[in-house]
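Residues 5 to 369 (our numbering) are what the sequence shown spells out, left to right.
Beta carbons are placed, not taken as given, at the ideal position from N, Cα and C, and that holds for glycine.
Predicted model, so just to flag it, every value in this text is computed and none were measured.
Right, one structure below, let's go through it.
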Amino acid sequence: AMTEGMYVSRGAACKNYLARRVFESQEVICVGPAGCGGGIISADAEEDAIRRRLRTYDERDFDEDEDPTDTFIAIQDNQWKEVIELAQRRPHEAGIYTYRMEMIAGGVNRVRWRILPLHQAIIFASPFSVIKALVLAYPPGVAAEDDRGMLPVHLAIKTGADRAVVNFLFEVYPDCVDEASHNGKTPLDYARSSKSPHKSSYLKSWGKAYRAIHEECDFDTNPTKLFSYLTAQNWREGVYISKADAKTWVSRKEKDTDREEEGGGTTGSGTGTGTGGSSVGGGLRWRLLPLHASVLFRAPPGVIRAVLYAFPEAAACRDDQGMLPVDLARGHGTSAGIVAELQELAETHRHYDDNNDDSSADDNV
Numbered sequence: 005a006m007t008e009g010m011y012v013s014r015g016a017a018c019k020n021y022l023a024r025r026v027f028e029s030q031e032v033i034c035v036g037p038a039g040c041g042g043g044i045i046s047a048d049a050e051e052d053a054i055r056r057r058l059r060t061y062d063e064r065d066f067d068e069d070e071d072p073t074d075t076f077i078a079i080q081d082n083q084w085k086e087v088i089e090l091a092q093r094r095p096h097e098a099g100i101y102t103y104r105m106e107m108i109a110g111g112v113n114r115v116r117w118r119i120l121p122l123h124q125a126i127i128f129a130s131p132f133s134v135i136k137a138l139v140l141a142y143p144p145g146v147a148a149e150d151d152r153g154m155l156p157v158h159l160a161i162k163t164g165a166d167r168a169v170v171n172f173l174f175e176v177y178p179d180c181v182d183e184a185s186h187n188g189k190t191p192l193d194y195a196r197s198s199k200s201p202h203k204s205s206y207l208k209s210w211g212k213a214y215r216a217i218h219e220e221c222d223f224d225t226n227p228t229k230l231f232s233y234l235t236a237q238n239w240r241e242g243v244y245i246s247k248a249d250a251k252t253w254v255s256r257k258e259k260d261t262d263r264e265e266e267g268g269g270t271t272g273s274g275t276g277t278g279t280g281g282s283s284v285g286g287g288l289r290w291r292l293l294p295l296h297a298s299v300l301f302r303a304p305p306g307v308i309r310a311v312l313y314a315f316p317e318a319a320a321c322r323d324d325q326g327m328l329p330v331d332l333a334r335g336h337g338t339s340a341g342i343v344a345e346l347q348e349l350a351e352t353h354r355h356y357d358d359n360n361d362d363s364s365a366d367d368n369v
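Following this line, the structure appears as structure tokens:
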């Protein structure tokens, strides 16, 4: 992915030339799913220098050690221009934790708080430009926890940060979608309970990141355009069908408080796809590929074929009920010609693993 001239990559997938860009004019962010440290991997002579830059730096005791870093003080004073300049001139300060101790009953000392400048900037509601500068200065910071196990994205959503900040954090570290804070809450949990006017944007950003990691999206937060077209059943309108959309699973979960969703339509196979209220967060209700959906919603033969030709391997994929598209077609009045094509392609691709796509199909139809 590319965001405003910024190359975004993850872990060992980073190429050597991208690693070198850290020290040149291009800006590179490489964050591994395991979190801090070793985000950029290089096989050449620059590896040691890269590792030195991306390591976790020392910590500062707010009360006992030398004064906090200039970056910490600038953020505390809301001197945003200075923070950006310091991130460029002294990038190592973006990787220094500052903490404070406190005395509790029994004379026991414990950590009161422990944060990186990135956590601090989010708490102080800094502008997006500051967040970006700090991430560029210390990329592993996006995967670093504070003393409460909170990632920057957790804090950003919880504090109602600008939608550009939250979207950026999801883009540079999409693996965060599955990571929970100290209280077991994921970014989705924080987004769902948010009172911010940006709540809908948070959910969309989460959905995009989830899709990037899992090649699956949630029906309520970020369905593909293709799937939305199929559920709308407005067949007179045309639709652009990409292979990426045709191979993306779409799922829906039941409500936490009400397993039976009000206003939900039901297909002949018992798959509810109504849109009455959000159902994110409960148990799985259904999981389909667009090919399954095109059959269930009785799409015209031309639409079913277009979806099938965009991703033929879908004919061999089973939905959450273990049903192949051809099984659904036989029970939904699909034409004999379509049934025959689905059966043939299901047999052709019977060994297909949808997590290891080696298809040579055209990218778009």
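Backbone CA spacing between residue i and residue j [nearest angstrom]
i      : j      : result
Asp110 : Trp117 : According to the sequence provided, residue 110 is Gly. The question's Asp does not apply to it. One C-alpha to the other measures close to 20 Å.
Ser282 : Phe223 : Annotation note: pLDDT 45 at Ser282 (below 50); position unreliable, coordinate value reported separately. Approximately 9 Å between the Cα atoms of the pair.
Leu58  : Leu140 : Per-residue confidence for Leu58 stands at a pLDDT of 39, beneath the threshold of 50, marking its modelled position as unreliable; the derived number appears in the next sentence. In a straight line, the C-alpha of Leu58 is about 11 Å away from that of Leu140.
Pro294 : Ser197 : 30 Å
Lys212 : Arg291 : 17 Å
Tyr356 : Tyr206 : 35 Å
Ser298 : Gly326 : 17 Å
Ile161 : Leu192 : 9 Å
Gly337 : Val343 : 10 Å
Leu349 : Ser130 : 54 Å
Pro95  : Glu89  : 9 Å
Asp323 : Pro156 : 35 Å
Pro143 : Asn226 : 27 Å
Thr252 : Arg64  : 46 Å
Lys189 : Gly164 : 16 Å
Ala314 : Lys208 : 25 Å
His123 : Arg309 : 50 Å
Ser185 : Ile135 : 20 Å
Ser339 : Ala147 : 51 Å
Gly335 : Glu258 : 25 Å
Where residue i falls, given that 16 or more other Cβ within 10 Å makes a residue buried
i      : result
Val284 : In this predicted model, Val284 has a pLDDT of only 46, less than 50, meaning its place in the structure is not dependable; the value taken from the coordinates is given anyway. Buried, by the Cβ-count rule.
Tyr177 : buried
Gln92  : exposed
Thr352 : exposed
Ser255 : buried
Ile108 : exposed
Ala125 : buried
His296 : buried
Pro201 : exposed
Asn171 : buried
Glu97  : buried
Val112 : exposed
Gly145 : buried
Cross-strand partners of residue i (DSSP beta bridge)
i      : result
Leu288 : Lys257
Cys180 : Answer is none; Cys180 lacks a bridge partner.
Met220 : Reading the sequence as shown, one finds Glu at residue 220 and not Met. Answer by DSSP bridge pairing, in chain order: Trp253.
Arg64  : Thr102
Practice task
Taking 8 Å as the threshold, find out whether the stretch 152 to 166 comes into contact with the stretch 116 to 131 through three or more Cβ pairs.
Solution key: yes
Problem - 4 or more residues per run - each alpha helix (DSSP H) lying fully within the stretch 101 to 169 - result: 121 to 127, 132 to 141, 156 to 162
Exercise for the section: Could you tell me whether the stretch 89 to 105 touches the stretch 119 to 133, using the rule of 3 or more Cβ pairs below 8 Å? Expected result: yes
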